[in-house]
Amino acid sequence: MAAAYNADGVRDSFHSIDSRARATEAAQTMYDYRPGSVLIEKNGEYIGILTEGDISKRVIAELKKPIEVQVETIMSQPIITIESNKLMEAAFLTMEKNGIRHIAVTEDDAIIGMLSIRDFSSYYVRKFSNRKK
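Residue numbers (the numbering used here): 41 to 173.
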């Protein structure tokens, strides 16, 4: 599934998995849908985020068996967010300040999308290529 973007470059779709899922399921979801991250859900609420980097650092580098690792034990918390009415530049600065590559976009305190460092490349390529026309 290709990521859909709104006019501001925000990926309108995002993926989540249950906090009891294993790292293998998270990795498969990231492979299948290419988001680079998944939100971790527990009792209907998002409690953390798991990224490709988290799996690399907290599972692979530590020689753990992904099938045995519950995502809740390796996720990052808290989920860093930015309101949807903020500019892309503000999102990028928030990510840089927090040392993260993925940020949740919210509207009325509900997550409505995700931005990743990759999304900025796509956004600015589209933005500047449209100016030349």
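C-beta: ideal position from N, C-alpha, C; glycine also.
Owing to the predicted nature of the structure, the values given are computational and were not obtained by experimental measurement.
- Excluding its 5 nearest sequence neighbours in each direction, D72 has no C-beta neighbour in its own chain below 6 angstroms.
- Annotated as distal: V78 and I107, with beta-carbon spacing of 8 angstroms or more.
- In the displayed model, Q68 falls within a helix according to three-state DSSP.
- Of the residues E102, I152, Y86 and Y164, the one whose Cα lies closest to the Cα of G93 is E102.
- Nearest to A150 by alpha-carbon distance, out of S162, I119 and Y163, is I119.
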